[in-house]
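Just below is one structure, and these are the notes that go with it.
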Amino acid sequence: MTYQPFLQRSHKTLALAILMGCSMTAFAQTNGGKNPISQPLVSHIYTADPSAHVFNGKIYIYPSHDIDAKDVREDDEGGHFAMRDYHVLSLDKIGGPVKDNGVALDLKDVPWAGRQLWAPDATYKNGTYYLYFPAKDKQDIFRIGVATSKSPTGPFKAEPEPIKGSYSIDPTVFQDTDGKAYLYFGGIWGGQLQRWDGNQYHPNGALKKKDEVAYLPRVARLSDDMKSFAEPVREIQLLDEHGKPFLEKDNDKRFFEAAWIHKYNGKYYFSYSTGDTHNLCYAIGDNPYGPFTYKGIVLKPVLGWTNHHSIVQVGNKWYLFYHDVQLSGKTHLRNVKVTELTHNADGTIKTIDAYN
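Heads up: the sequence shown is residues -28 to -1, 1 to 328, going by mature numbering (1 follows the signal peptide of the UniProt record, and there is no 0).
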C-alpha cells in the first residue's frame, strides 16, 4: 500500500483532510497557537521512533508500530507501549508517496520474546539486511534481538536467542567507513538501564539521585556476522563543556534513551533523548566510542511525552526523522515525521522547533 504524505492526497480523502484540518486547529490551540512544521508520513497506522536509512538510493524507515492496547495501564514503566510488530515504510524521495510494506516482524515469531517490541533499527552488509530490536524476554527483562532478511522490507527471521550480553532498549547500529559496526543502546526508567551495573543484572537497581552521576549509554562493536558482540559492552562517556559527566539533576542534558549516531566531516555525532525533559540533544566526538562532548539541542520538545529520532543524509541534504502525537493527542499513539536538518559552518546543528 502506498500513501501520499498527509494532506497531500487525492480528492478521495478530502473529507479526512477537512476533519484533520479541524484537528490541527485544536492541536494549535493546545500547543500555544503553534502549528507543526511537517505532517505525518502515514496516518493509517500509528508509528513512532523512526530509524531511517538509505539503501540503494531509496529511503526506508524502521519505526515502532503503536497500537491502542486498551487492556494495558499507563505507567512509568511504559506498559502502555505494547507494540507487537514492525512495519517498514519506504519512499523514493522526501515528500514523495510513502509505502507501508506490511508486517516485517511479529512478536509471535520471536522465540525468546515475551512482550513489547520497542524502537528498532536496521543496517545492511554483504547481501543481508539486519533488524535490531528490543523486547522483554520470558522473565520480563529487556534484551536486544536481531533478525535477517534478503529484502530491506522483510519479512525478517529472528535469531532463536537475543544477542548474548545485550540488555535494555533502543538499539541503533552504526557502520563506520572502515567497515566496523557498532551497536549503541540503553534507556532508563522503563528501559531498565538502571538495573545494569558492570553488565550484571540487578533486579532492584534504582534510579540515580539528583547529585549522582547520571546513567550512561552503552556501546559494543559487532562481530563480522553482525549477530553478536565482538567485545564486552562498555559505557559511553557523555561530558559537558568542562569535560565533566552530567549529574542526574542535569536532566535537560543527560542521557535518558533514544541513542543515534551519524558522522559528519570526520566527526561522530551522538544524539539522544533527555526523556523527562523531552529534548533531543547531541554531543560530538572523535571516536565511535566517545567521549562525546555536549553541544546543544537538536529538537525541542514535541507534543506527547516521548521524543525519538534518526538523522540521515539523503542526497546532498540531511534530515531529521522524528515523531509527535498530532493525529491522536495520546502519548502512546504517535506519528512519524521528517524535516530538514542543518549543520552550521562550525559543525554544530541548528536547533529545530517542530512547531511554527
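We put the beta carbon where it would ideally sit given N, CA and C, even for glycine.
Burial state of residue i (16 or more Cβ within 10 Å)
{"i": "Lys309", "result": "buried"}
{"i": "Thr(-4)", "result": "Because Thr(-4) sits at a pLDDT of 42, beneath the cut-off of 50, its placement in the model cannot be relied upon, and the point is left open."}
{"i": "Ala255", "result": "buried"}
{"i": "His174", "result": "exposed"}
{"i": "His37", "result": "buried"}
{"i": "Phe214", "result": "Per the sequence presented here, residue 214 reads as His, with Phe not at that position. Label assigned to His214: exposed."}
{"i": "Pro8", "result": "buried"}
{"i": "Asn328", "result": "exposed"}
{"i": "Val26", "result": "exposed"}
{"i": "Thr149", "result": "exposed"}
{"i": "Gln298", "result": "buried"}
{"i": "Glu229", "result": "buried"}
{"i": "Ala181", "result": "The sequence given here has Lys at residue 181, not Ala. By the neighbour-count rule (16 or more Cβ atoms within 10 Å), Lys181 is not buried but exposed."}
{"i": "Gly170", "result": "exposed"}
{"i": "Leu16", "result": "The sequence shown places His at residue 16, not Leu. Exposed, because fewer than 16 other Cβ atoms sit within 10 Å of the Cβ of His16."}
{"i": "Ala317", "result": "exposed"}
{"i": "Asn307", "result": "buried"}
{"i": "Ser282", "result": "buried"}
{"i": "Pro260", "result": "buried"}
{"i": "Ser243", "result": "buried"}
{"i": "Pro12", "result": "buried"}
{"i": "Ser245", "result": "buried"}
{"i": "Ala91", "result": "buried"}
{"i": "Asp142", "result": "buried"}
DSSP-derived helix/strand/coil call for residue i
{"i": "Gly(-8)", "result": "Bear in mind that the predicted position of Gly(-8) carries a pLDDT of just 41, short of 50, making it unreliable; the figure below should be weighed with that in mind. Looking at Gly(-8) - three-state DSSP - the assignment turns out to be helix."}
{"i": "Trp290", "result": "strand"}
{"i": "Trp161", "result": "helix"}
{"i": "Gly262", "result": "coil"}
{"i": "Thr323", "result": "coil"}
{"i": "residue 393", "result": "Only positions -28 to 328 of the chain appear in this structure, which leaves residue 393 out of reach."}
{"i": "Thr19", "result": "strand"}
{"i": "Leu79", "result": "helix"}
{"i": "Thr278", "result": "coil"}
{"i": "Gly86", "result": "strand"}
{"i": "Thr249", "result": "helix"}
{"i": "Val26", "result": "strand"}
{"i": "Leu219", "result": "strand"}
{"i": "Ile141", "result": "coil"}
{"i": "Gln172", "result": "strand"}
Identity of the residue in the options nearest residue i by Cα
{"i": "Val185", "options": "Leu211, Leu13 and Asp40", "result": "Leu211"}
{"i": "Ala41", "options": "Glu229, Lys302, Asn328 and Thr314", "result": "Lys302"}
{"i": "Glu133", "options": "Pro143, Pro124, Ser140 and Ala119", "result": "Ala119"}
{"i": "Asp222", "options": "Trp277, Asp183, Pro260 and Arg206", "result": "Asp183"}
{"i": "Ser121", "options": "Asn98, Asp248 and Ala107", "result": "Asn98"}
{"i": "Val205", "options": "Gly276, Pro189, Asp197 and Lys181", "result": "Pro189"}
{"i": "Ala85", "options": "Tyr102, Gly68 and Asp109", "result": "Asp109"}
{"i": "Gly29", "options": "Pro124, Trp168, Lys322 and Ala20", "result": "Pro124"}
{"i": "Ala76", "options": "Cys253, Phe264, Thr246 and Tyr34", "result": "Tyr34"}
{"i": "Asn251", "options": "Pro263, Arg226 and Val82", "result": "Arg226"}
{"i": "Thr320", "options": "Asp248, Asn259, Ser282 and Lys239", "result": "Lys239"}
{"i": "His304", "options": "Glu220, Ile116 and Trp277", "result": "Trp277"}
{"i": "Tyr154", "options": "Gly163, Thr144, Ile324 and Ile160", "result": "Thr144"}
{"i": "Val286", "options": "Phe264, Lys272 and Leu313", "result": "Leu313"}
{"i": "Ala24", "options": "Gln172, Asn176, Asn307 and Tyr294", "result": "Tyr294"}
{"i": "Val270", "options": "Asn279, Asp258, Gly262 and Pro263", "result": "Asn279"}
{"i": "Ser10", "options": "Thr323, His315, Ser245 and Asp296", "result": "Asp296"}
{"i": "Lys6", "options": "Trp168, Pro273 and Gly117", "result": "Pro273"}
{"i": "Leu275", "options": "Thr249, Asp197, Asp81 and Asp258", "result": "Thr249"}
{"i": "Pro263", "options": "Tyr241, Thr246 and Trp168", "result": "Tyr241"}
{"i": "Ala192", "options": "Gln147, Asp258 and Ile160", "result": "Gln147"}
{"i": "Gln88", "options": "His315, Gly67, Ser140 and Met198", "result": "Ser140"}
Beta-ladder partner(s) of residue i, from DSSP
{"i": "Phe201", "result": "Leu194"}
{"i": "Ser62", "result": "Tyr32 and Lys71"}
{"i": "Arg167", "result": "Partner(s): none; Arg167 has no beta bridge."}
{"i": "Val118", "result": "Tyr104"}
{"i": "Glu213", "result": "Glu213 is not bridged to any residue."}
{"i": "Pro154", "result": "The sequence given here has Tyr at residue 154, not Pro. DSSP lists Phe146 and Arg193 as partners of Tyr154."}
{"i": "Gly268", "result": "Tyr254"}
{"i": "Asp38", "result": "Tyr18"}
{"i": "Arg206", "result": "Val191"}
{"i": "Phe242", "result": "Ile233 and Ala255"}
{"i": "His295", "result": "Val308"}
{"i": "Ala130", "result": "Ala119"}
{"i": "Lys180", "result": "Partner(s): none; Lys180 has no beta bridge."}
{"i": "Ile283", "result": "Leu292"}
{"i": "Lys97", "result": "Thr100"}
Supposed close pair residue i, residue j - CB separation, criterion 8 Å
{"i": "Gly158", "j": "Phe201", "result": "Not really, about 14 Å apart at Cβ, beyond 8 Å."}
{"i": "Tyr18", "j": "Ser300", "result": "7 Å"}
{"i": "Asp112", "j": "Tyr104", "result": "That belief does not hold up - the Cβ atoms of Asp112 and Tyr104 are roughly 20 Å apart, past 8 Å."}
{"i": "Tyr187", "j": "Gln172", "result": "Tyr187 to Gln172, Cβ: 15 Å. No contact."}
{"i": "Val14", "j": "Asp64", "result": "With 8 Å as the limit, Val14 and Asp64 do not qualify as a contact, their Cβ atoms being about 15 Å apart."}
{"i": "Ser62", "j": "Ile31", "result": "7 Å"}
{"i": "Gly163", "j": "Phe114", "result": "7 Å"}
Residue i: CB within 8 Å of a non-hydrogen atom of the ligand GDP
{"i": "Lys152", "result": "No copy of the ligand GDP appears in this structure; indeed no ligand is present at all."}
Neighbour flag for residue i against chain C, beta carbons, 9 Å
{"i": "Gly29", "result": "Reference to chain C is not applicable here, since this structure consists of a single protein chain."}
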